[in-house]
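Residue numbers (this note's numbering): 1296 to 1481.
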């Protein structure tokens, strides 16, 4: 869920290439996918809660955002634009101009003037992603994207979305198409 120029690495900067075993052993791939979804520990790996853990975290975060909205609480960030807090102090992945966060904030590259046409466009784009998150249409984690109630795997800078395997930020992802349309609104 980011506004990008060109391609992007994974959020954590790592890349994964499939081994020959992963291609030749469909049962092993099914087991690996199951372990990813349930968050079961792999040999020598870590246990981050998998897709289910991330989805539960999303539900908890959504409840927290709804509660904060009722009470009108505001986080301490740089700027409040269009009802969304914009932060220009967070580190940004290379080639990323802005990104919407699950906590309802937006990170924008510090080199961008928020009052410039580009700055306004980036904020509009990311604000649309925040609207998608708040409405429950979208959620994401480092390993998955949820769109309209369906989970899609996210890996190696690609999302296996409803329109096929496309790079993150690709305009053919339906969430990106909506955000691109929102950039043009006055």
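Built from N, CA and C at the ideal position, the CB exists for glycine as well.
With distance defined between alpha-carbon atoms, name the residue in the options nearest to residue i.
| i | options | result |
| --- | --- | --- |
| residue 1475 | 1384, 1385, 1393, 1382 | 1393 |
| residue 1437 | 1431, 1426, 1424, 1451 | 1451 |
| residue 1380 | 1465, 1389, 1416, 1421 | 1421 |
| residue 1395 | 1480, 1433, 1410 | 1433 |
| residue 1400 | 1417, 1412, 1382 | 1382 |
| residue 1403 | 1461, 1446, 1465, 1384 | 1384 |
| residue 1443 | 1411, 1473, 1408 | 1473 |
| residue 1468 | 1386, 1455, 1479 | 1455 |
What are the partner residues of residue i, as DSSP defines its beta bridges?
| i | result |
| --- | --- |
| residue 1449 | 1454 |
Taking the alpha helix (DSSP H) that residue i falls in, what are its first and last residues?
| i | result |
| --- | --- |
| residue 1427 | 1412-1430 |
| residue 1385 | Element bounds for residue 1385: n/a, residue is neither H nor E. |
| residue 1469 | 1469-1478 |
With 16 other CB atoms within 10 Å as the buried threshold, where does residue i fall?
| i | result |
| --- | --- |
| residue 1471 | buried |
| residue 1414 | buried |
| residue 1458 | exposed |
| residue 1398 | exposed |
| residue 1431 | exposed |
| residue 1423 | buried |
| residue 1463 | buried |
| residue 1480 | exposed |
Quick check on the DSSP output: the beta strand (DSSP E) that includes residue i runs from which residue to which?
| i | result |
| --- | --- |
| residue 1462 | 1459-1462 |
| residue 1394 | 1391-1395 |
| residue 1407 | Per DSSP, residue 1407 belongs to no beta strand (DSSP E) and is neither H nor E. |
| residue 1402 | 1400-1403 |
Could you tell me whether the Cβ atoms of residue i and residue j are closer together than 8 angstroms?
| i | j | result |
| --- | --- | --- |
| residue 1461 | residue 1453 | yes |
| residue 1440 | residue 1449 | yes |
| residue 1410 | residue 1477 | no |
| residue 1417 | residue 1425 | no |
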